[in-house]
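Single-structure report; data block below.
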């Protein structure tokens, strides 16, 4: 994912968070506005313009399904895990400055989500074939030259034999994202499919895709959302990338605070705990994410939070974790990133603290500051700070300490704030509240639209 350069809240759409023209390479953004999470294209570092509210994408991720006549409603997420622009969104028109977000977000697809039939398929082989086809025979002509660098990651199965009923849920500069039903599942099981067209002239983003696939090859953890499987579609000369279908991003939840959603402190602790477990695992593999924020924290149907969008992630040596490239979005960005060389394994903790601050305030810190050079080393004081516990304030202080004394994810998991995290059932109730509020807003918007018809 590339560094976003846009305003915060009012423009925050799928990020990667950008508008219809943003995607993000595995990070969730690509061009400052349209890249895909899979194409980990790291464009020249650009700090997002300060002074504007953090981008917020359109709401109502699932409500288009409510009015669908089909027995299987058409999903309509507010953002896509690949940093694409959601399609079929009922509330409001897309703005040109909306930043895409990195998250495949889907609701209301069927009775079952992503359970049965979701395990990666094995390659189909035929005992009647004397010998398997070589890659050059499988992908004739110019196509082979382009997919050859990705050969070790490709599952040699026709994806159209595995998935059907594709419904577009988001679109981006490098391709579209679809929900797809698993053909051989005994019940309704869905996955997310990202399609990337391959052109005879070449697709530069494939190099970034290979880098991300290599980085995340052996990364598997409950709180991390990797790319799942890669296929080649010979019918349309495109890549199909499969991922788990997620319910919504944490940013989607935060965006509803003004409409009645309340995130209790214990739920904030649960979200932070999930992120810390994911970061602890990543750091055990010497991987730094470097773009931790609410847009890149996705929630599944069970209320489990997963870190997504690894377009700016790097693997570093534990003895020499220094990096110097400017990445991330400035409102969640550790201050040392803007100063030169920094410890890549320390910046994610700062970003988690900024996200925790955001959950309390419904917008990220510094969103009202015009000049990024004026950003202080510490976050602003919370509004009505007395509403929050001492352990909450202590946690924010720990996350914002200078990088030389900033705690590790493992150390923060022992913080008193994290130890009071709520049960998963509380998170599920929170997600249910989000859907109820979205449905109410949808009905209100529908009534308003009907009232304007002459």
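Numbering (UniProt numbering), first residue to last: 1 to 454.
Beta carbons: idealized from backbone N, C-alpha and C, even for Gly.
Computed from a prediction, not measured in an experiment: that's the story for all the values here.
### Reference residue 306, options 261, 332 and 247, closest by Cα
Nearest C-alpha to residue 306: 247.
### Message
Between the alpha carbons of residue 422 and residue 199, how many angstroms are there, rounded?
### Response
Approximately 49 Å, taken between the alpha carbons.
### Message
Can you tell me whether residue 448 is buried or exposed? The criterion is at least 16 other CB atoms within 10 Å of its CB, across all chains shown.
### Response
In summary, residue 448 is exposed, with fewer than 16 beta-carbon neighbours lying within 10 Å of its beta-carbon over all protein chains present.
### Message
Please give the ranges of any beta strand (DSSP E) in the region 301-376, keeping only runs that are unbroken, at least 3 residues long and fully inside the region.
### Response
You should have 305-307.
### Query
For the 8 Å Cβ check, are there 3 or more pairs between the region 419-439 and the region 231-242?
Contact between the region 419-439 and the region 231-242 is absent, because fewer than three Cβ pairs lie under 8 Å.
#### Entry: Whole-angstrom C-beta distance between residue 150 and residue 209, which should lie under 8 Å
Contact holds; Cβ gap of about 7 Å.
### Query
Would a C-beta distance cut-off of 7 Å place residue 382 and residue 360 closer than the cut-off?
Contact flag set, yes.
### Query
By Cβ distance below 7 Å, which residues in the same chain neighbour residue 389 in space, the five residues on each side in sequence not counted?
Taking C-beta separations shorter than 7 Å and ignoring five residues to either side along the sequence, the partners of residue 389 in its chain run 265, following chain order.
### Message
Does residue 194 come out as helix, strand or coil in the three-state DSSP assignment?
### Response
Strand, per DSSP.
### Message
Rounded to whole angstroms, what is the Cα-Cα separation between residue 162 and residue 185?
### Response
CA-CA distance, residue 162 to residue 185, rounds to 10 Å.
### Residues near residue 222 in its chain [Cβ-Cβ closer than 7 Å; skip 5 each side]
Cβ contact annotation for residue 222 (same chain, cutoff 7 Å, sequence separation greater than five): 304, in chain order.
### Message
Taking 7 Å as the limit between beta carbons, can you name the residues of its chain near residue 437, skipping five residues before and five after?
### Response
If we look at residue 437 and ignore the five residues flanking it on each side, its Cβ neighbours are 256, 259, 260 and 261.
### Task
Spell out the partners DSSP gives residue 180 in its beta bridges.
BP columns for residue 180 point to 191.
### Task
Taking residue 243 as part of the alpha helix (DSSP H), name the residues at either end of that continuous run.
Secondary structure note for residue 243: it is in no alpha helix (DSSP H), and the uninterrupted beta strand (DSSP E) holding it is 238-243.
### Query
I think residue 292 touches residue 352, with their Cβ atoms under 8 Å apart; what is that distance to the nearest whole Å?
With a contact defined as Cβ atoms closer than 8 Å, residue 292 and residue 352 qualify at about 6 Å.
### 7 Å Cβ cutoff met for residue 357 and residue 379
Contact: yes.
### Message
Using DSSP's beta-bridge definition, name the partner residues of residue 224.
### Response
Looking at the DSSP assignment, residue 224 forms a beta bridge with 307.
### Task
Leaving aside the five residues before and after residue 181 along the sequence, list all residues of the same chain whose C-beta is less than 8 Å from its C-beta, in chain order.
Apart from the 5 residues on each side of it in sequence, residue 181 sits with its Cβ closer than 8 Å to the Cβ of 72, 110, 163, 164, 165, 188, 189 and 190 in its chain, given in chain order.
### Query
Under the rule that 16 or more other beta-carbon atoms within 10 Å means buried, what is residue 212, buried or exposed?
It is buried - the Cβ of residue 212 has at least 16 other Cβ atoms within 10 Å.
### Query
What first and last residue would you give for the alpha helix (DSSP H) that runs through residue 268?
Residues 265-284.
### Extent of the continuous alpha helix (DSSP H) run through residue 203
Note, residue 203: premise wrong, no alpha helix (DSSP H); not H, not E.
### Task
Assign residue 260 to one of three DSSP states: helix, strand, or coil.
Annotated three-state conformation of residue 260 is coil, per DSSP.
### Task
Could you name the residues that DSSP lists as bridge partners for residue 248?
Looking at the DSSP output, residue 248 shares a beta bridge with 299.
### Task
Return the residue from the list 232, 201, 317 and 342 that minimises the CA-CA distance to residue 153.
Ranking 232, 201, 317 and 342 by CA distance to the CA of residue 153 puts 232 first.
#### Entry: Option in 387, 384, 415 and 410 with minimal Cα separation from residue 397
It is 415.
### Query
Can you give the Cα-Cα distance for residue 444 and residue 434, rounded to whole angstroms?
Between residue 444 and residue 434, the alpha-carbon positions lie close to 15 Å from each other.
### Query
Any idea what DSSP makes of residue 443, helix, strand or coil?
Residue state, collapsed to three classes: helix.
### Query
First and last residue of the beta strand (DSSP E) that includes residue 230?
Residues 229-233.
### Message
Applying the 10 Å Cβ sphere with the 16-neighbour rule, what's the burial state of residue 146?
### Response
Residue environment: residue 146 is assigned as buried (16 or more neighbouring CB atoms within 10 Å of its CB, all protein chains considered).
### Task
Thinking residue 391 and residue 366 are a contact (beta carbons under 8 Å), I'd like their distance in whole angstroms, please.
Contact annotation, residue 391 with residue 366: C-beta distance approximately 24 Å; criterion of less than 8 Å not satisfied.
#### Entry: 7 Å CB neighbourhood of residue 440 in its chain, flanking five on each side removed
Scanning its chain for C-beta atoms nearer than 7 Å, with the 5 sequence neighbours on each side dropped, one finds no residue around residue 440.
#### Entry: DSSP state of residue 436 mapped onto helix, strand, coil
Residue state, collapsed to three classes: helix.
### Query
Between residue 331 and residue 403, which are expected to be in contact by the criterion C-beta below 8 Å, what is the C-beta distance as a whole number of angstroms?
Not a contact, Cβ separation roughly 18 Å.
### Query
How about residue 204 and residue 216: are their beta carbons less than 7 Å apart?
For residue 204 and residue 216, no; Cβs fall outside 7 Å.
### Message
Can you tell me which residues form a DSSP beta bridge with residue 287?
### Response
DSSP lists 315 as partners of residue 287.
### Task
Classify residue 411 as helix, strand or coil using the three-state DSSP reduction.
DSSP places residue 411 in the helix class (H, G or I) of the three-state scheme.
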